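Report on one structure; see the data block that follows.
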Amino acid sequence: MTPHAAGRALVGGIGVVAFLVAGTVAAALVLVALGLPAEGRADDTPPAPAPIVEPRPTELVVALSLGDPVLQAGAVRDGQVILARGLEVDVARELARRLHIPRVRFVYVRPASRLLAAKVRPWHVTIASIRPVRAASAVADLSTPYLGTDQAVVLRRGLPRLTALGELRDRVTCALRGSDGARAIVGSVRPALRPILVPSQERLLQLVQTGACDAAVVPADTVGRFVADRGGLLGPVTARVELGGGYVVAVTRGGPIAVAEVDRALERMRMDGTMHRLARTWLGIDPARLRALN
Amino acid sequence: MRVSAANLIAMKCSAFVAFMAFALALPSAAGAGVDVWFVADGKPVVVVRNGTTIESAVRQLIAGPTPGERSRGLRSAVPRDTPLLSVTVSQRVVTVDLGARFAAGRDAGALQGRVGQLVRTVRGIPGVRAVRVLLEGGVPVGLFPGYDLRLPVTAAVEPVHHQTTTRDLQRQLVDLGFMAPSGLTGSLDTQTSTAVLGFQKWANLSRDGALGESTVAALERATRPEPRLRAPGRRIEIQLRRQLALLIQDNKVVRAVHISSGAGGKTPTGSFRVYRKERYSWSVPFKVWLPWASYFTGGVAFHEFGSVPTYAASHGCVRVNHYDAPMLFGFAETGTPVRVFDEAAV
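As given, the protein sequences belong to chains A and B, one line each in that order. Residues in the first sequence are numbered from 143 upward in steps of one, following my numbering. Residues in the second sequence are numbered from 1230 upward in steps of one, following my numbering.
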């Protein structure tokens, strides 16, 4: 064998070995790729899937139901809300600002039941007086409440401010029949005198104005309007009966907004007085600032 | 005569075009101008303006009352300088597209009122069936209380003028403590008149016992009488100037009773207590039976009497009408404090 021939044979031998090694590695990779059992793999820990990072939106899309002049109302053209105002609208705008999203776009969803029931929800958050019930939490991530749904106590003129709910026990209390207020009287006040339950808010106002009723128990988020309607004829709104709960922001799952950051933004809005300002502007009083009695 | 489909369509189109021209450009039926609606004392008021079209009527509405009309009390809830973007007519429905300024403000009454003015003004044009209101080309939802503007509006929401009935007023008198619930009869009887006298005394109105305009207005805004003093328990305050007895339980006036005390200051002022009670008491000096008598100082008592005028008329006792005398007798248990005030001297 000539040296050249011997060299070719050596090179050829090395080439065969290299070919075999490369082939084995390739086969192993193919097997791994085909999903053979783990014991066939060299490393048992699969690589973690790369997280899907949604790009930060340049506009916050907020679904509204509209229809309440105080909480949310507006004008709608082709499903887009071209003019929006109300407490919840302002909350949404503040939320966007604190999430560093430069624009807010409101969409009108009708009927309101579609806000949570729709299969496809092309909006980031829903703000529409949503209560944190199980049906809502099953389909969306729910924030902490931005507005409480407690009951407030409106006294007739001449009565001193309440310091304890027990002070109402020997008073004549009243509420709308079948309302949360009526339930709060029975469950929290436990009055010694039979409460007056009436069918209309007009009658309720009249009873407190005339003193036939000493204290009306009404939703805290509407009490400001309740008192403003009869300016000076009613006594002070002195207290809040805590029932828990409130209206929450529903964050669409799988979207770019995390409920935790919504919660942080709402907390900052509470802490820096923004929520108080908005409540005073739209509701007349801030229910959260009423003394809570139980 | 057979009319072909094409001819029928052409005829319908001509009729529509003719109506459009009529509505948008031609004079109104009267020919003297257009009716524009404003408000005076909360009630809709119409004024006639020069103009011949729906658009001119809406523009006149937006312009508001003239200075002369304002001096006569006319007002408009429509914000001045509201942009009028377009007025179109289709099938006798007029669509008025306004700028967002039309929805300015948060006063529910003003928001409702301005839509009412617009609807009245446009519906006043002969041939107009309904009005559709748009803001910046969008349909308003929830912005104007009382109106669902997702649909064309055919009539303005009338301002609420609740027709107050006699029963309503009696209910108010009962709620305020001037009358017993048994007085809720629905008819103007002497018990109601007696309660009205009590209210008129409290509210410093002229004492005629009638539900006149000023009394009704005062009743609708009235609140429960307040005691002059604060003290726990059951007590009675007599206010001589008002000629009113306040029956008080734990600082709440449970009843206010029309009385007549001693003429010429014969009922003494001061603090007393009920010390004797007689269902029928024989008055020795005046030789008369006094029903439901509760004595609180010397020979001075609360008692029923047939005549309870609106002024101090007795010999020193406190006369009470027969509707309230048994109730007051039951309330004034022996030992009940009685405080007699001459309000001017307090």
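Positions of the beta carbon are idealized from the N, C-alpha and C atoms, including for glycine. Just so we're clear, the structure is a prediction, and the values are computed from it rather than from any experiment.
- Cβ-Cβ distances below 8 Å link V1277(B) to A1261, G1262, V1263, D1264 and V1265 in the same chain, with the five nearest sequence neighbours on each side left out; the list follows chain order.
- The secondary-structure analysis by DSSP pairs W265(A) with nothing; it has no beta-bridge partner.
- The stretch 1498 to 1509 of chain B and the stretch 1439 to 1448 of chain B do not touch, with fewer than 3 CB-CB distances between them shorter than 8 Å.
- The continuous alpha helix (DSSP H) containing E409(A) extends over residues V401 to M413.
- By the criterion of a C-beta distance shorter than 7 Å, T364(A) is surrounded by no residue of its chain, once the five residues flanking it on both sides are discounted.
- Not one beta carbon of chain A lies nearer than 8 Å to the beta carbon of P1381(B).
- One thing to note: A1460(B) has its Cβ no nearer than 8 Å to the Cβ of L1475(B).
- Annotation for T380(A): the continuous beta strand (DSSP E) segment containing it runs V379 to V383.
- According to the DSSP assignment, P1369(B) belongs to no alpha helix (DSSP H) but to the beta strand (DSSP E) extending over V1368 to V1370.
- Taking a contact to require three or more Cβ pairs closer than 8 Å, the stretch 1355 to 1366 of chain B and the stretch 1321 to 1332 of chain B qualify as touching.
- The beta carbon of D292(A) is closer than 7 Å to those of A362, R382, V383, E384, L385 and P429 in its chain, skipping five residues each way along the sequence.
- Identification of residues in the stretch 1434 to 1459 of chain B having a C-beta nearer than 8 Å to some C-beta of chain A yields R1450, A1451, T1452, R1453 and E1455, given in sequence order.
- Taking 7 Å as the Cβ-Cβ cut-off, the stretch 1351 to 1368 of chain B approaches chain A at L1364, E1365, G1366, G1367 and V1368, given in chain order.
- Going by C-alpha positions, S330(A) is about 8 Å away from L307(A).
- For A217(A), the CB contacts under 6 Å within the same chain, skipping 5 residues up- and downstream, are I224 and L225 in chain order.
- L1398(B) is the residue among T1563(B), R1471(B), L1398(B) and G1564(B) whose C-alpha sits nearest the C-alpha of A1447(B).
- The count of Cβ pairs closer than 8 Å, one atom from the stretch 344 to 355 of chain A and one from the stretch 314 to 329 of chain A, reaches three, so the stretches are in contact.
- Contact between L432(A) and L229(A) does not hold, since the beta-carbon distance rounds to 17 Å and is not under 8 Å.
- Ranked by Cα distance from H242(A), the first of T200(A), I327(A) and T268(A) is T200(A).
- DSSP places I1477(B) inside the beta strand (DSSP E), whose first and last residues are L1473 to Q1478.
- Closer than 9 Å at the C-beta level to chain B, one finds these residues of the stretch 293 to 304 of chain A: R298, R299, G300 and L301.
- A direct Cα-to-Cα measurement between Q1401(B) and L1434(B) gives close to 17 Å.
- For V1370(B), at least one C-beta of chain A is nearer than 8 Å to its own C-beta.
- If you look at F1428(B), you'll find it isn't in any beta strand (DSSP E); it sits in the alpha helix (DSSP H) that goes T1419 to W1431.
- In the displayed model, F1560(B) falls within a helix according to three-state DSSP.
- DSSP places I1488(B) in the uninterrupted beta strand (DSSP E) bounded by K1481 to S1489.
- Taken through DSSP and simplified to helix, strand or coil, L425(A) comes out as helix.
- Bounds of the alpha helix (DSSP H) holding S1300(B) are P1296 to S1300.
- Within the DSSP secondary-structure output, V1322(B) pairs in a beta bridge with S1319(B) and A1359(B).
- A215(A) is a Cβ neighbour of V1370(B), given a cutoff of 8 Å.
- Flagged as an interface residue toward chain A: D1404(B), by a C-beta distance shorter than 8 Å.
- When CB distances to chain B are screened at a threshold of 9 Å, the residues of the stretch 224 to 242 of chain A falling below it are I224, L225, R227 and G228, in chain order.
- Two segments are said to touch when three or more pairs of C-beta atoms, one from each, lie closer than 8 Å; by this definition the stretch 1290 to 1309 of chain B touches the stretch 1325 to 1345 of chain B.
- Each residue's CA atom was taken as its position, placing A1541(B) and E1572(B) some 14 Å apart.
- If you check each beta-carbon in the stretch 1319 to 1344 of chain B against every beta-carbon of chain A, the ones closer than 9 Å belong to A1329, A1332, R1335, A1337 and L1340.
- As the crow flies, the alpha-carbon of G221(A) is around 40 Å from that of V379(A).
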